[in-house]
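Reviewing the structure listed below.
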Amino acid sequence: MSYQIEFRHLKYFLAVAETLHFRKAAEKLFISQPGLSRQIKEMEDGLEVKLFDRHNRQVKLTPAGIYLKEELHKNLKSLDAILHHAKLLEEGKDGQLNFGYVGSAMQHIIPDLLLKFTKSHPNILFSLKEMDNNKQIEGLISQDIDIGFVRLERIPKGLMATPVLKEPFCLVLPKEHPINMNNFENLSQLKDEPFILFDPEYSSSYYENVMNIFHHSGFTPLVSHNTIHADSIYKLVENNFGISIVPKSLQNPSISTIKFIELDNIPQRTTLSAVWNTDNRNPILNKILTLIHKEIS
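For the sequence shown, the positions run 217 to 513 when our numbering is used.
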């Protein structure tokens, strides 16, 4: 078997595998369609493997082609990261770490973590991107991010998680609402109020946990609005569109138009976890994980 395969062959193969259309792939690659077909034929001949079935102008991946597409996507992503890391070293940097996070993680957890980490690793570049839970999982699997901070009870195979914060919930009320810390007894006092909650798509397990709070309190809430941003919740509460429940870490005392009441008398808690891909070979990832495990131990 001959393996005279060059990097360009892999690039051309992936373009066709993604589009399943030789003309569209050729346009994307800025080469002629006959030239692309010739390169794919060279690759198949070199591997002695048929990668595509072509019937009546339809292009389909063979089982070998499907396998190769999946593995190349994964391994070329690692290669890109390796080459990028080498370039950073040349520029005098020790590496880069890409974070994904839900908004509450930026209140204290991530800033405190970065302050401690940069004391011993001052030459690391950081990319920080707020993302919902599901987008983070996708980013971790594709290795577009190195570490995520999510509120999920279950994560896919291949990912690892460690809890970094377990906390109670808080009520969010307009400043002039008659219920306050002195007369609040239980959530059933608010059963006739409209509630503004994080969208179930933000995290289905988080939403289920919040709904369990209402079940524990003996009523089903009237949900008037769903959103994925805490700022939107606060603005709606401020303007009397309803009240809300959020994790304690999202308390913002600087907003004078709303107030928070901690729900420390209910059993439900919400957990913020650090999540990463066990296949991720970024050398900086292990360093930040070491600090995280040290902080929570």
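By construction, the Cβ of each residue, glycine as well, lies at the ideal position given by its N, Cα and C atoms.
Since the model is a prediction, treat every value here as computed from it, not as a measurement.
Check, Outcome
"Assigned exposure category for S320 - 16 Cβ within 10 Å defines buried", "buried"
"Simplified DSSP state of K332, which is helix, strand or coil", "helix"
"Whether F385 touches K407 by CB criterion (7 Å)", "no"
"Every unbroken alpha helix (DSSP H) inside the segment 324-392 [4 residues or more]", "325-336, 349-358"
"Alpha-carbon to alpha-carbon, H237 and L230", "11 Å"
"Helix, strand or coil at H441 [DSSP, three-state]", "strand"
"DSSP-derived helix/strand/coil call for F414", "strand"
"Minimum C-alpha distance to G311 - residue among L341, N455, H324", "L341"
"Y450 beta carbon less than 7 Å from that of I429", "no"
"K227 to S433 span [Cα, whole Å]", "57 Å"
"Reference K391; option with closest CA among I477, E264, I361, R497", "I477"
"Pairwise C-alpha distance: H509 and L466", "23 Å"
"Distance, G364 Cα to I353 Cα", "8 Å"
"Cutoff 8 Å; reference F223; Cβ partners in own chain excluding five residues on either side", "none"
"Boundaries of the beta strand (DSSP E) in which N314 is found, first to last residue", "311-317"
"Burial state of T334 (16 or more Cβ within 10 Å)", "exposed"
"Three-state secondary structure assigned by DSSP to R270", "strand"
"Cβ-based burial, I504 [other Cβ within 10 Å; buried from 16]", "buried"
"Presumed contact (8 Å Cβ cut-off) between A377 and V462, rounded CB distance", "Going by Cβ atoms, the distance from A377 to V462 rounds to 22 Å, so no, they are not a contact pair."
"Limits of the unbroken alpha helix (DSSP H) element including E260", "249-263"
"Buried or exposed (CB count within 10 angstroms, at least 16 for buried), L331", "exposed"
"Extent of the continuous alpha helix (DSSP H) run through T473", "No alpha helix (DSSP H) holds T473; DSSP gives it neither H nor E."
"Pair within 7 Å by beta-carbon distance, I395 and S460", "no"
"Opening and closing residue of the beta strand (DSSP E) in which T487 lies", "486-493"
"Identified DSSP bridge partners for P463", "F385"
"Three-way DSSP call (helix, strand, coil) for L277 in this model", "strand"
"Proximity of K464 and L389 at Cβ, strictly below 7 Å", "no"
"Candidates S253, D261, M259, of which the one nearest V275 by Cα", "S253"
"DSSP state of L236 mapped onto helix, strand, coil", "coil"
"Own chain partners of T235 with C-beta closer than 6 Å, once the 5 adjacent residues on each side are dropped", "A241"
"I361 versus L329 - alpha carbon distance", "17 Å"
"Beta-carbon proximity of T487 to P379, cut-off 7 Å", "yes"
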